[in-house]
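K.L.:
If you scroll down you'll find the structure; I have some questions about it.
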Amino acid sequence: MGIFESSDPEYARVYAQESVMVDASELIADAMQKAGVAPVELAGLLRSDETKVSNLLAGEHDISVRHLAEVLQLLRHRLELRSIAEQ
Numbered sequence: 001m002g003i004f005e006s007s008d009p010e011y012a013r014v015y016a017q018e019s020v021m022v023d024a025s026e027l028i029a030d031a032m033q034k035a036g037v038a039p040v041e042l043a044g045l046l047r048s049d050e051t052k053v054s055n056l057l058a059g060e061h062d063i064s065v066r067h068l069a070e071v072l073q074l075l076r077h078r079l080e081l082r083s084i085a086e087q
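The letter at position 4 of the sequence shown is residue 4 when you use the UniProt record's numbering, and the numbering goes up by one with no holes.
Right, here's the structure in full:
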């Protein structure tokens, strides 16, 4: 069993959710870097404040797929989803 694997279904459920939030924040950070957009600029594009952008980048904000697609579109990226079967 790997370092983050567990036979506890509740742990596995929460871990799956949290790891997707980290992935989402990394997608946003990467798109921002490639687009040359600073957090304050993204906040302006979203008509939001920099604190909310900071929370998105920290993975602390429960982001919907719809909102993630919007953020990435503003950064000239497209969200593509896929799933990977567990071994």
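C-beta: ideal position from N, C-alpha, C; glycine also.
Assuming the contact rule is C-beta atoms closer than 8 Å, alanine 31 and leucine 72 should be a hit. Round their C-beta distance to whole Å, please.
P.N.:
Numbered from its first residue, the sequence shown carries residue 31 at position 31. Numbered from its first residue, the sequence shown carries residue 72 at position 72. At roughly 5 Å, the Cβ-Cβ gap stays under 8 Å, so alanine 31 and leucine 72 are in contact.
K.L.:
Output the distance between the C-alpha atoms of aspartate 8 and glutamate 18, rounded to the nearest integer angstrom.
P.N.:
Translated into positions along the sequence shown, residue 8 becomes position 8. Translated into positions along the sequence shown, residue 18 becomes position 18. The straight-line gap from Cα to Cα measures roughly 16 Å.
K.L.:
Confirm, please, whether the CB-CB distance from leucine 74 to leucine 56 is below 8 Å.
P.N.:
As a first step, residue 56 is located in the sequence shown; it is residue number 56 there, counting from the start. As a first step, residue 74 is located in the sequence shown; it is residue number 74 there, counting from the start. No, they are not a contact pair.
K.L.:
Looking at the structure shown, is histidine 67 part of a helix, part of a strand, or coil, going by DSSP?
P.N.:
Taking the sequence shown and counting its residues from 1, the one referred to as residue 67 is at position 67. In the structure shown, histidine 67 sits in a helix (DSSP, three-state: H, G or I).
K.L.:
Residues in its own chain within less than 6 Å of serine 83 by CB, not counting five upstream and five downstream?
P.N.:
Translated into the one-based positions of the sequence shown, residue 83 becomes position 83. There are no such residues.
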